[in-house]
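A.B. asks: The opening residue of the sequence shown carries number 519 in my numbering; numbering runs sequentially from there. Cβ coordinates follow ideal geometry from the N, Cα and C atoms, glycine included. Treat the numbers as computed from the prediction; the structure is a model and nothing was measured.
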Amino acid sequence: MAGDESNGTGHGLSVQAPLQPELVEGMAHENPIVTDVGAGNGATDQEPATAAVLAARLRHLSLSAQTIHADDFLNSHQSVAPPMHVSTTFRYNDDPDELRPWANINPNNPYDSHVYSRDTAPNTTRLEAVLTSILHGPSLTYSSGLSAFHALLVFLNPKRVAIGGGYHGCHGVIQVLSKLTGLQTVDLLDPDFDAALQPGDVVHVETPLNPTGEARDLAFYAERAHRRGCYLTVDATFAPPPLLEPFRWGADVIMHSGTKYFGGHSDMLCGVLAVHPKHAGTWIRGLREERLVLGSVMGSFEGWLGVRSLRTLEVRVRKQSADAAALVAWLEASRKEEDAPSSVVSETVAEVRHASLQVTEKGEREEWLKEQMPNGFGPVFAVYMRDADLARRLPSKLALFHHATSLGGVESLVEWRAMTDAGVDRRLLRFSVGLEGFEDLRDDLVQGFEALRAERAAKGAGAAVVAG
Ligand SMILES: Cc1ncc(COP(=O)(O)O)c(C=O)c1O
519 MAGDESNGTG HGLSVQAPLQ PELVEGMAHE NPIVTDVGAG NGATDQEPAT
569 AAVLAARLRH LSLSAQTIHA DDFLNSHQSV APPMHVSTTF RYNDDPDELR
619 PWANINPNNP YDSHVYSRDT APNTTRLEAV LTSILHGPSL TYSSGLSAFH
669 ALLVFLNPKR VAIGGGYHGC HGVIQVLSKL TGLQTVDLLD PDFDAALQPG
719 DVVHVETPLN PTGEARDLAF YAERAHRRGC YLTVDATFAP PPLLEPFRWG
769 ADVIMHSGTK YFGGHSDMLC GVLAVHPKHA GTWIRGLREE RLVLGSVMGS
819 FEGWLGVRSL RTLEVRVRKQ SADAAALVAW LEASRKEEDA PSSVVSETVA
869 EVRHASLQVT EKGEREEWLK EQMPNGFGPV FAVYMRDADL ARRLPSKLAL
919 FHHATSLGGV ESLVEWRAMT DAGVDRRLLR FSVGLEGFED LRDDLVQGFE
969 ALRAERAAKG AGAAVVAG
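#1: Could you tell me how far apart the beta carbons of V500 and T642 are, in whole angstroms, since I believe they sit closer than 8 Å?
#2: Is the region 891 to 904 in contact with the region 749 to 764, if contact means three or more CB pairs nearer than 8 Å?
#3: Return the CA-CA distance between E973 and G768, expressed in angstroms with no decimal places.
#4: Return the CA-CA distance between A740 and V752, expressed in angstroms with no decimal places.
#5: Heavy atom of ligand 1 less than 6 Å from the Cβ of S662, yes or no?
#6: From the DSSP output, read off the bridge partner residues of D461.
#7: Using the DSSP secondary-structure output, state which residues sit across from S657 in a beta bridge.
#8: Alpha carbon to alpha carbon, how far is N624 from D962?
#9: Is T938 near ligand 1 - that is, is its Cβ less than 6 Å away from at least one heavy atom of it?
#10: Whole angstroms are fine: how far does the CA of A969 sit from the CA of A976?
#11: How many angstroms separate the CA atom of H783 from the CA atom of K915?
#12: Using a Cβ distance threshold of 8 Å, determine whether the region 869 to 876 contacts the region 899 to 912, with at least three qualifying pairs required.
#13: Tell me which residue opens and which closes the beta strand (DSSP E) that D590 is part of.
#14: Who are M937's beta bridge partners in DSSP?
#15: Could you say which of M937, V721, F738 lies nearest to D705 if we only look at CA atoms?
#16: Do you know how far the Cα of L849 is from the Cα of D770?
#17: Over the uninterrupted beta strand (DSSP E) stretch that includes F949, give me the two end residues.
#18: Below 8 Å CB to CB, which residues in the same chain sit around K677 once its five sequence neighbours on both sides are set aside?
#19: Considering Cα atoms alone, identify which of A666, N675, Y629, R734 is closest to L810.
#20: Please tell me whether, using a cut-off of 6 Å, the distance from the CB of N728 to the nearest non-hydrogen atom of ligand 1 is below it.
#21: Helix, strand or coil for V942, going by three-state DSSP, please let me know.
#22: Please report the residue range of the beta strand (DSSP E) in which R871 lies.
#23: Assuming A842 contacts V951 (C-beta within less than 8 Å), just tell me the rounded distance between them.
#24: Any contact of the region 790 to 798 with the region 643 to 663, i.e. 3+ C-beta pairs under 8 Å?
#25: Around the C-beta of F738, are 16 or more other C-beta atoms found within 10 angstroms, so that it is buried, or is it exposed?
#26: Start and end of the beta strand (DSSP E) containing A713?
#27: In or out: D590 buried (at least 16 other Cβ within 10 Å) or exposed?
#28: How close, in whole Å, do the beta carbons of F756 and G781 come, if the pair is a contact with beta carbons under 8 Å?
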């Protein structure tokens, strides 16, 4: 693993003024293009048309403007929609004097140059260009969220990982690595978890958490990790931009299952690692070299789908998050109103969990949480039903929520979580809010709760008849 080659860049990031990621030799998406990139995007012949330059020139480049234009500098064709490239290999220069190992400059667009698609390819490079812009650090894509986590641990090669709860698959990756390297885990929920850590170890924080959608205080964990010479890695899958900016709170690496909100349509697997610019030089090069060996790259079609999906990231995520918060507030209020018309909720629902419900002992929203997630608390929440049978039966009563695992798509999903997580409370249902709209989703839940009540009543009547 590389040492910390910090260039002293601070953590003061914001969406409006993204840090200029350090340029990394050999990365198409990190090289400035200095050819004529056209007047349309505001760059001159002399200036690179990267998103950072566009942001500096326009002074304000919104998240959506970034997701729609951050890859413009890789465009060498007149087509407005990105072309789909299927080639796995790319022709070398005809001039023998121009042949350089692993450098294969494309004369049509030097910054979209490739050798072999296990290293880089046009569609995934475009996706990485947009991710680099919106995550505010050079970003690499992987074949899935778990392969990104695997690549991260292989690269940092810590002796210990502090981790607590969260997505069970990440614990599975650690188990596999423990078999190979003796990697140990430390319980993040132990108040003295950092006492056992040594420099170079990893503190891995998932926020908001799978499956409850509750958030963790990143600044707290960053301080504890850095004090011990450890790295803070953040799985921010549940809070893509504009909900959370982990570098601002001290993350060294951001990880995402891009399968969720970056894909957004339940049709592609994707993993993402974004490296804080202070580590970029050595870390991103090392990660890319190891990805070439591990072979865990995305397919070109997924890269193309990813770019298409990111165009609408901001509008999707803002609405999904707002509708989730409205549903959570409605469920929580209805659960407490035993005599109201919506008491069907209180008959069936025992508890609702979501970051929007996280409060101090005085019932006020945590200060750190307001600052960490100013734009919403995420589209996933959990419901504990009054018993496991109600949790198992509710999904089959719903018309708009598909009963399926995963999250982040435009379609709302509900999962009886015991289907895929053996360790979870069997009363737990995880909801992922899509784009159908609050009223329709609320009404679907009401009719679902009513159907459960009717089913119970019928069973009760049946039992009474038999007993009678
Ligand atoms: C928080 C979190 N991290 C990582 C993953 C793994 O992602 P993938 O399924 O893309 O491998 C998931 C998948 O559900 C997840 O919810």
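C.D. replies: With the structure as the only source:
#1: Since the first residue of the chain shown is 519 and the last is 986, residue 500 is not available in this structure.
#2: yes
#3: On the sequence shown, residue 973 is found 455 positions in, with the first residue counted as 1. On the sequence shown, residue 768 is found 250 positions in, with the first residue counted as 1. E973 and G768: Cα-Cα distance of roughly 51 Å.
#4: Counted from its first residue, the sequence shown places residue 740 at position 222. Counted from its first residue, the sequence shown places residue 752 at position 234. About 10 Å.
#5: Taking the first residue of the sequence shown as position 1, residue 662 is located at position 144. S662: yes, Cβ under 6 Å from ligand 1.
#6: Outside the displayed range of the chain (519 to 986) lies residue 461, so it cannot be described from this structure.
#7: Locating residue 657 in the sequence shown gives position 139, counting from the first residue. Per DSSP, A792.
#8: In the sequence shown, residue 624 corresponds to position 106, counting from 1. In the sequence shown, residue 962 corresponds to position 444, counting from 1. Their Cα atoms are separated by approximately 53 Å.
#9: Position 420 of the sequence shown, counting from 1, holds the residue named residue 938. No, the beta carbon of T938 sits no closer than 6 Å to any heavy atom of ligand 1.
#10: Counted from its first residue, the sequence shown places residue 976 at position 458. Counted from its first residue, the sequence shown places residue 969 at position 451. When rounded, the distance between both Cα atoms is 10 Å.
#11: Against the sequence shown, residue 783 aligns to sequence position 265. Against the sequence shown, residue 915 aligns to sequence position 397. Rounded to the nearest angstrom, the two C-alpha atoms are 23 Å apart.
#12: yes
#13: Numbered from its first residue, the sequence shown carries residue 590 at position 72. Run containing D590: none; DSSP gives neither H nor E here.
#14: Here residue 937 refers to the residue found at position 419 when the sequence shown is read from its first residue. According to DSSP, M937 bridges with nothing at all.
#15: For the purposes of this step, residue 705 is taken as the residue at position 187 of the sequence shown. Checked all of M937, V721, F738; the closest Cα to D705 is V721.
#16: By 1-based counting over the sequence shown, the position of residue 770 is 252. By 1-based counting over the sequence shown, the position of residue 849 is 331. If I take the Cα positions, the gap works out to 37 Å.
#17: As a first step, residue 949 must be located in the sequence shown, where it is residue number 431. Taken as a continuous stretch (DSSP letters only), the beta strand (DSSP E) holding F949 covers 946 to 950.
#18: Residue numbering aside, residue 677 sits at position 159 when the sequence shown is read from its first letter. Contacts found: G700, L701, Q702, Q716, G718, D719.
#19: Counting from 1 along the sequence shown, the entry for residue 810 is found at position 292. Of the candidates A666, N675, Y629, R734, the one whose C-alpha sits nearest the C-alpha of L810 is A666.
#20: By one-based count along the sequence shown, residue 728 stands at place 210. For ligand 1, at least one heavy atom lies less than 6 Å from the Cβ of N728.
#21: Sequence index remark: in the sequence shown, residue 942 carries index 424 (1-based). Three-state DSSP puts V942 in coil, outside helix and strand.
#22: As a first step, residue 871 is located in the sequence shown; it is residue number 353 there, counting from the start. Its beta strand (DSSP E) spans residues 867 to 871.
#23: For this step, residue 842 is matched to residue 324 along the sequence shown. For this step, residue 951 is matched to residue 433 along the sequence shown. Confirmed, about 4 Å.
#24: yes
#25: What you label residue 738 is simply residue 220 of the sequence shown in a count that begins at 1. Exposed is the call here.
#26: As a position in the sequence shown, residue 713 is number 195, starting the count at 1. Premise fails: A713 is in no beta strand (DSSP E) and is neither H nor E.
#27: Taking the sequence shown and counting its residues from 1, one reaches residue 590 at position 72. Flag for D590 reads buried.
#28: In the sequence shown, the residue the question calls residue 756 occupies position 238. In the sequence shown, the residue the question calls residue 781 occupies position 263. At roughly 14 Å, the Cβ-Cβ gap does not stay under 8 Å, so F756 and G781 are not in contact.
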